[in-house]
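In the numbering used here, the protein residues as written are 5 to 268.
Below you can see the structure in the form of structure tokens.
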């Protein structure tokens, strides 16, 4: 069963498991989600109403950062942990600036990957595939990456709202080092991460427990911990900022409850 923009009613194969990608889509106001995702999303919002602000501001941040990179000359992008590519997706944003830009989407949710493949269609400069971001060699060595992107040239590596899905035992800092070492000089990193700085601890704990019961990991890290994850990736002049304060425009909200960075 293919997911459609009209809002599907049941999961293929009788699965009853929610997906963070689809919960996030629901919270951000999208329709690429199922009833089980909406149930979890509604419960999360009842615990942390500010989560909707995060989801919306994260998408705006992603769009601004991708556009900035495209305007700065980056013409190929690897979106790792892309989730359900919404409209407009990264490829739409960057192609407004460079119609020849190449974009590959990676996610570990098979339903998200199916949807993203449909979004990419037959465009030979776009691609989507299933992989775990913790498998650096598997991601960068995938045939779609090798076919669509030139890893000898700079890449715009996107990790928006995905690093907070990694436990400390997953060694997220080590992963960012490995990606940095594997990519060509001049590559850039766009990353965002949920922060506990402006949210009550009890709300965060209840929300994390709700996600955990659904098999989903979400770990908030503050500004200092997020900075520590970056390792060799050096933040650009804007530094690490709250999402709505990173190169803000007239569409930014007043809060985002997450930090974002563009690094090199």
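Glycine included, C-beta positions come from ideal geometry on N, C-alpha and C.
Quick caveat, the model's predicted, so the values are computed rather than measured.
If you look at residue 263, you'll find it in the beta strand (DSSP E) that goes 262-267. Under the criterion of beta carbons closer than 8 angstroms, residue 144 and residue 202 do not qualify as touching, at roughly 35 angstroms. For residue 95, the uninterrupted alpha helix (DSSP H) segment begins and ends at 94-99. Around residue 102, the same chain offers 74, 79 as residues with beta carbons nearer than 7 angstroms, after the five sequence neighbours per side are excluded.
Residue pairing by DSSP places residue 109 opposite 83, 132 in a beta bridge.
Taking 9 angstroms as the cut-off, the beta carbon of residue 257 is found closer than this to the beta carbon of residue 248. Residue range 176-186 is occupied by the alpha helix (DSSP H) that includes residue 181. Under the DSSP assignment, residue 47 falls in the alpha helix (DSSP H) whose first and last residues are 39-51. According to the DSSP assignment, residue 115 belongs to the alpha helix (DSSP H) that extends over 114-124.
The three-state secondary structure of residue 166, taken from DSSP, is coil. Beta-bridge partners of residue 239 (DSSP): 267. For residue 73, the uninterrupted alpha helix (DSSP H) segment begins and ends at 55-75.
Around the C-beta of residue 206, fewer than 16 other C-beta atoms lie within 10 Å, and the residue is accordingly described as exposed.
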